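Each residue of the sequence shown is one higher than the one before, starting from 8 at the first, in the working numbering.
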Amino acid sequence: MPTSALPLPFVRASALGLALALAGCASPDSAKPGTLLSDMEKQYGPPSTQCPAPNGGQRVVWSQQPEGSYAWSADIDSDGRVVRVAQVLKEEFFKNIQPGWSPDQVRCVFGPPAKTSVTGLGEKREEIWTYRYVQDLRWHMVMYVYMGRDGKGVTHFHTGPDERYQRSE
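Rendered as structure tokens:
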């Protein structure tokens, strides 16, 4: 009975490709409470942002910005263990932004922005931090966080469509 066998190098390469693809689906929010930060760093690399927390621990953020649309923050206790992990580029986290937040506060919650720019003239000139995200698992959006004329604190924020995904007519 004839059988068709695939060449062994092809099978090995396919298995490796599948394993890498499946590993690529893993994200920091799959980490369980109690996981060591050092283990997360081995799997996901160094965080984009690290900030001290009042409890002696720290908040770390792994971000896909500037091109990606996701960022995960992890609260780490003073023993270096994960307390909680969340994907933070979402409406539920953006709505917590408050006027007066410093750039460090914004960075410690959301990680580095995808882009910074300046808009306006004279007294209306403001620094803007842009965060790309996906709304409701389907809409590519941008959160604009206005940091004032001096860039030292949030004045306001709003969302808009991510122009990279807009059709040109």
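By construction, the Cβ of each residue, glycine as well, lies at the ideal position given by its N, Cα and C atoms.
Since this is a predicted model, take the numbers as computed values, not measurements.
>> Let me make sure I understand the geometry here. Which of K159, S45 and M150 has the alpha-carbon closest to that of E99?
In response: M150
>> Restricting to runs no shorter than 4 residues, where is the alpha helix (DSSP H) found entirely within the stretch 34 to 79?
In response: Listed in chain order, they are 44 to 51.
> Does the Cβ-Cβ distance between V89 and T42 come in under 8 Å?
Replying inline: yes
> In terms of alpha-carbon separation, which member of I104, R139 and P61 lies closest to L96?
Replying inline: R139
>> Do V116 and V161 have their beta-carbon atoms positioned less than 8 Å apart in this structure?
In response: Their beta carbons are not under 8 Å apart, which means V161 does not touch V116 by this criterion.
> Under a Cβ-count criterion, where at least 16 other Cβ atoms within 10 Å of its own Cβ denotes burial, should P54 be classed as buried or exposed?
Replying inline: buried
> So the alpha helix (DSSP H) E98 belongs to, where does it begin and stop?
Replying inline: Run containing E98: E98 to F101, per the alpha helix (DSSP H) assignment.
> Cβ of P73 within 8 Å of Cβ of A121?
Replying inline: yes
> Can you check whether the CB of H163 is closer than 8 Å to the CB of P106?
Replying inline: yes
> So who's on the other strand from W108, going by DSSP bridges?
Replying inline: According to DSSP, W108 bridges with nothing at all.
> Looking only at its own chain, which residues have a Cβ that is under 6 Å from the Cβ of D84, when we skip the five neighbours before and after it?
Replying inline: G64 and V90
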